[in-house]
Amino acid sequence: MMNRRDLLKIAGLTGLSFAAEPFASSLKFSKTAFAEGQTPLFLSVHAGGGWDPTSFCDPKGRISDTQADPVNRYMLDDIRSPSASSPIRWAPMGQNEAFFQAHYDKILVLNGVDTSTNNHSTGTRYLNSGQLEEGHPSFAAMLTANIGANLPLGYITNGGYDITRGVVPRTRLGSLGVIAKIAEPDLDGDRLFHAESVNARMDEFRNSRLERLRGRVRLPKITQSLDDVFLSRSGQNELKRLNENLPDLDLFSTSLGQQGAIALAGYRSGLTVAANLSVGGFDTHGNHDVAQAAALDRLSSGLMEVWAEVERHGLEDRVVIMVNSDFGRTPRYNEGNGKDHWSITSVFFMGGGIQGNRVIGATDEGVNALPINLQSLELDPNGVKITPAHIHASLRQHFGIDQSPLSAHYPVQEQALNLFS
Amino acid sequence: MKHRSYLKLLLPVCLVIWACESPRSNQISNDQVEAGIEAGAEAGTETNPEAGREAGAEAGNEAGTEAGTEAGTEPPVPIPPEDCVSDLDFFETKVWRPVIKPLCLDCHNPQGAAQSTDMVYVSEEQMNALESNYEAFADIAALDRDGSAIVLLKPLNQLAHGGGRLIDEDSEEYEALREMVERTRAGEPVICDDDDDEIDSELFNGVRLLSPQETARRASLSLAGRLPTQEEIDLIEQHGWGGVELTLNQVLSSEAFYRRLKEMWNDILLTDKYMGRNNAIDLLNADRFPNARWHLNLEDQPRDEDYWAAIDYANTSLAREALEHIAFVVRNGKPFHEIITSDYMAMNPFTARIYGVDDIAWEDPLDPKEFHEGRAAGIPHAGILSSPMFLNRFPTTATNRNRHRARIFFKLFLDLDVFKLAERPIDPTSTVHNPTMNDPQCSICHTVIDPVAGAFQHWDEQGSFNFRDTWYGDMRAPGFMDEELPFEERTASLRWLTLKVAADPRFDRSITRLIYQALIGDDLMSAPQEGDQFEARERAFNAQQRFVDQVANGFRANNHDLLWLIKAIVRSPYYRANGLEMDREPMAEELAQWSNLGLDKPLTPEQLNRKLTATTGARWRPNHYSQDYLLDQGQYKLLYGGIDSDDVVDRIRTPNGIFSNIQRRMANEVSCKVSAYDFTKTPEERFLFPWVETSYEPIDVNGFAIPQVEELIRNNLKHLAWTMWGERHELDSPEVDELFELWMDFWRLGQEEIEAGTVPTSLHWSCRGAWNLTTGQGLPSEEQITRDDRFVIRAWAAMLSVFLNDPAFLYE
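Chains L and Y are the protein sequences, given in the same order.
So the first sequence is numbered by the working numbering: it starts at 6 and just counts up by one.
So the second sequence is numbered by the working numbering: it starts at 953 and just counts up by one.
Structure (structure tokens):
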């Protein structure tokens, strides 16, 4: 495993700068989808449990009430679309209508994504790291390591696949009622706990002691943990900035909305470049239609709140949202009116540099993935199925980190596709 | 007990006089001292650290050695190391690594395409993997076809081979296989005089291991949230590792240890999810357990403090029943496998009442801490597995059919992550009928988990026992591995399963691994892949695997005594490695072989909270009515990486900016709150400043040094370095010199600020020694400390803040 010190060495060797000023772009590897000098924010939204794309962005419906073993129980005719010319379609369930009508023009849907697994953790890992097997950090961690490794809250997580392989720390920011208190750790009300000159001497001693400890212990694991301490201390005062940028969280009706607002405040404070947001309840082995619709409601409503916050900050061109799940659900109902695990799923994107109102890939009536031509991205019987590895190769390219040493250290096995623009 | 009046309602259930099992004694007797010294002698002495390094291994080895002797075979005469390549080494370096692992293992494994052949190998991370795989090779190497070894014909495809032709006859791989076959057929195995224990011991040359005192300090803080007592320190001083053994016995018999044990297991079982309100009780089926809500159904009972206390006791007792069962098994010296094999459940008066168990005589029927074996009518108990808390925390559905429970069972008790079997692409277009039975891409996992899922067959979605006459015909039959559940065992199928598992060596390894993770904070090293310093990393991996196997063997030989297991790990170099002791820079190869050594994780919020109290004598909380900051989910518990056992179930163990701010605030607040307060006590009662007084200044008003005061200050700094950081320094050591210099700087800077008028001479109210921090009561005015004219108290408070916000305090 690469430790952070190794990473910093690589950064030095390749001329990669971990800028002290987080908004100075450090995407110097290759062309990116973002304007010069603009650091992006990546939000990875995970619908935990395995969503059913046929209840959302890859609808199938049923032809008649008497159709045996239908994929869905709503009627084919009830499938919705913003216009005859738009390829975007959605199932008539939950808040889908409100969500897609408002945002279809900025959404890119990838249907027929083959995760090759129906195992929760494996699918979640594949869709968020680009590798089926264990061993890769999440894309959010990769991005943070490349463009925000020095940031104390560079990678915020609320669950989902947040493995970092030690390349960056991750931060949980769930209960923010106490942020104000810890944002000012030296203050007791309006006075300092220790005299100012004493505080300065304490800090000087702490830093020198850390160096001495590092020279003394020298065992690799402990050395790395001391590096972690150093890194985490380096941004102690930055939490104040986050505190100043936080909106009133009571304004948000969904957990997802709150998670997004915190991530955006972190970004606006120059502290954060990636975040995992999560919403659960999609593992609908029983009573599928009711439970899946409720979960989709939470997802759609939450995404609408997140995007409203993106717009409030005026960050539409900088924020990229990826929404995925563990895998998909079976093209039939089980005896308990539920749907079980299915390896074919959908992923969708919205935000900076994403050309919306598009659908790439498809599934047949049995929710089997259909192959596409890797150049034209059109359906092609002689093509290949879209996999999470394709998506991650493309994501790395989109963010300009595909040529980075870290990307070489954690390679993905497929080529990048021209998915986003 | 505070709420006795209402709790008397429980009395009618207590009719039979019950003889209590003797709890383990907390006193150190002379006999114990001697026994401890003997045990310590085995574990090595302070003057013989080499012996200590091997202690854990020695303890575990006994069983294996005895087994070999009992087998009645003469051990082969070892060959001196310089001329010798043992069969096992040859197999590992020439056959396993370059040939079998890359070419054969993908199919020839228990779940692979060649699982039904005569040649099946196990993963490197399984117990005794190398030895097992060597034996598997030796077995197949003995088989001939037309005068040639089958194992040589197959990879050439000269005998039909599903994998086709894999190697050529003139390749190095073939030559290695040929020599290996020759060796296995030679009759006399080649064993060299460089046994693995010696190699493993050499692996730690250059690594600084904690001394006996330091080890005892780390263990008692980690396991019981306290520092070693002076009596224990003296014992260790006198008897070295024997004294450590006795100290650990004390630690492991304390109530604080059992709290820690339950905390460790809640990280695994997560049943604390059901704490609070009626969350646990609401899980019980009212028809099956009509008594479950006894305390709620008493309508004439006023909703007073007693009533709410009773509800809390009832729900808490039920929510934690699995954790309490584990504590009960250990506390009573029972084999640890009883956590899953017992035909009873540890019950206190509250859970007994809930389950309608009325044949237990209680010493105190109102005491939620009193536990006995209880058997609920109509429930074939299987330890924690039959607890509704476990069964609800790991639920099933009509289509899942207990597979989730089976997966957890394998992970916790058989050291097998079933998900890892399935980390390969599947084809969703497969049209195989009943894929979990017939499609290899599904059956790879289902062959393993479905029989065990069947053993859970009578435990329904609510976690109730609900006898089923038949199990699903489209699943593998209930059982364990290749053995089907006997018809006569079908009612108690779960217990039948657990008895099988308790006899399986994988159970020993699984528990060893869980305890290793809990104590060291890290999982075992994964099998290394080719790359930089591969051989060094492989040495580290192999040594760790052997260590775990040896300790697991010892755990079995000691009748699954969990306390023995904990002590074996605590004594080991994996627990004690704390740095390097060499004058030169370590080489890359050495660093690679030490890559899995050292405790490198920050303390959990619970551990940090206990350590704060143990070292400062005070709790970090807003006021004495409030919950501690680090235990309160609404405050810092989750932000500091803790779990809520519900949504947040994995701990963050790498520090981030939030951790850092919390640590800083903790150091500032605690040092402010406790410094003056500590000085209000007599020196003997003080935690922090037993050597100094508020009037002790090292320089008098005329600017002359007062050496006696300097020595006292140095003594106090030495005291804090030991209690806070676990560092032993001499009074004139560079470390104490540096700390003294720091103290002097604080003192001078503070006085300058007083003179400049930037800080007052009085203490801020929140930093005054004006209240008893335990009771919240104000101190008599004559005992209060409210002023600090010479900045002595605040210099000590600043020192304390430095000690608290330091990796040596925060990591341990």
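Every residue, glycine too, gets a C-beta built ideally from N, C-alpha and C.
> Going by the CB atoms, is the gap between S1416 of chain Y and P1347 of chain Y shorter than 9 Å?
Replying inline: no
> In terms of alpha-carbon separation, which member of L:Q72, L:F61, L:M98 and L:G54 lies closest to V295 of chain L?
Replying inline: L:M98
>> Let me make sure I understand the geometry here. Which of Y:F1323, Y:R1536, Y:A1171 and Y:D1295 has the alpha-carbon closest to that of A1304 of chain Y?
In response: Y:F1323
> What are the partner residues of Y160 of chain L, as DSSP defines its beta bridges?
Replying inline: L:A279
> Along chain L, in chain order, which residues have C-beta atoms closer than 7 Å to that of Y1588 of chain Y?
Replying inline: V183
> Can you tell me where the alpha helix (DSSP H) with F1507 of chain Y in it begins and where it stops?
Replying inline: F1486 to A1509
> Can you find a CB in chain Y that lies within less than 9 Å of the CB of H403 of chain L?
Replying inline: no
>> Check whether chain L comes within 9 Å of W1546 of chain Y, counting only Cβ atoms and requiring the distance to be less than that.
In response: yes
> Taking Cβ positions, are L379 of chain L and V389 of chain L nearer each other than 9 Å?
Replying inline: yes
>> Helix, strand or coil for F353 of chain L? Go by DSSP, reduced to three states.
In response: strand
> Quick one, which of L:G275, L:H395 and L:T368 has its alpha-carbon nearest T44 of chain L's?
Replying inline: L:G275
> Which of the three DSSP states, helix, strand or coil, is assigned to R1523 of chain Y?
Replying inline: helix
> Buried or exposed: Y1577 of chain Y, going by 16 or more other Cβ atoms within 10 Å of its Cβ?
Replying inline: exposed
> Comparing the C-beta of G99 of chain L with each C-beta of chain Y, is any distance below 9 Å?
Replying inline: no
> G1531 of chain Y touches chain L at which residues, Cβ-Cβ below 8 Å?
Replying inline: R221, V222, R223, L224 and I227
> Taking the continuous beta strand (DSSP E) assigned at M1299 of chain Y, which residues delimit it?
Replying inline: M1297 to M1299
> Per DSSP, I1336 of chain Y is paired with what?
Replying inline: Y:A1334
>> I'd like to know whether the C-beta atoms of S1524 of chain Y and M1477 of chain Y end up nearer to each other than 9 Å.
In response: no
>> Taking the beta strand (DSSP E) that E370 of chain L belongs to, which residues open and close that run?
In response: Segment: none, E370 of chain L is in no beta strand (DSSP E) and carries neither H nor E.
>> Along the chain, where does the beta strand (DSSP E) containing R170 of chain L start, and where does it finish?
In response: Counting along the chain, R170 of chain L falls outside any beta strand (DSSP E), and DSSP gives it neither H nor E.
> For the putative contact between G164 of chain L and G53 of chain L, defined by C-beta atoms under 8 Å, what is the C-beta separation to the nearest angstrom?
Replying inline: 7 Å
> Per DSSP, F1417 of chain Y is paired with what?
Replying inline: Y:W1411
>> Can you give me the C-alpha to C-alpha distance between L156 of chain L and Q241 of chain L, rounded to a whole angstrom?
In response: 10 Å
> Assuming L411 of chain L and A150 of chain L make a contact with CB atoms under 8 Å, what is their CB distance in whole Å?
Replying inline: 6 Å
> Which term fits N212 of chain L, buried or exposed, when burial requires 16 or more other beta carbons within 10 angstroms of its beta carbon?
Replying inline: exposed
> Name the residues in the region 229 to 245 of chain L whose C-beta lies less than 7 Å from a C-beta of chain Y; which are they?
Replying inline: Q229, S230, L231, D233, V234, S237, R238, G240, Q241, E243 and L244
> If you measure from the CB of Y1527 of chain Y, is any heavy atom of the ligand MG nearer than 8 Å?
Replying inline: Annotation note on the ligand MG: not contained in the displayed structure, which lists no ligands.
> Does the separation of the CB atoms of G286 of chain L and A268 of chain L fall below 9 Å?
Replying inline: no
> Quick one: what's got a C-beta closer than 6 Å to D1741 of chain Y's C-beta in the same chain, skipping five residues either side?
Replying inline: T1713
> Is V1711 of chain Y near G1702 of chain Y, with beta carbons less than 9 Å apart?
Replying inline: yes
> What in chain Y is Cβ-close to A299 of chain L, meaning under 8 Å?
Replying inline: Those within 8 Å of A299 of chain L in chain Y number zero; the least Cβ separation is about 17 Å.
> For E1197 of chain Y, which residues in chain L fall below 8 Å Cβ to Cβ?
Replying inline: Neighbours of E1197 of chain Y on chain L: none; closest Cβ ~26 Å, over 8 Å.
> Where do the ends of the alpha helix (DSSP H) carrying H1356 of chain Y lie?
Replying inline: R1355 to F1365
> Per DSSP, what kind of secondary structure is G1285 of chain Y in: helix, strand or coil?
Replying inline: coil
> Can you list, in chain order, the residues of the region 1557 to 1574 of chain Y whose Cβ is nearer than 9 Å to any Cβ on chain L?
Replying inline: none
>> So, with DSSP's three-state summary, where would you put I1737 of chain Y?
In response: strand
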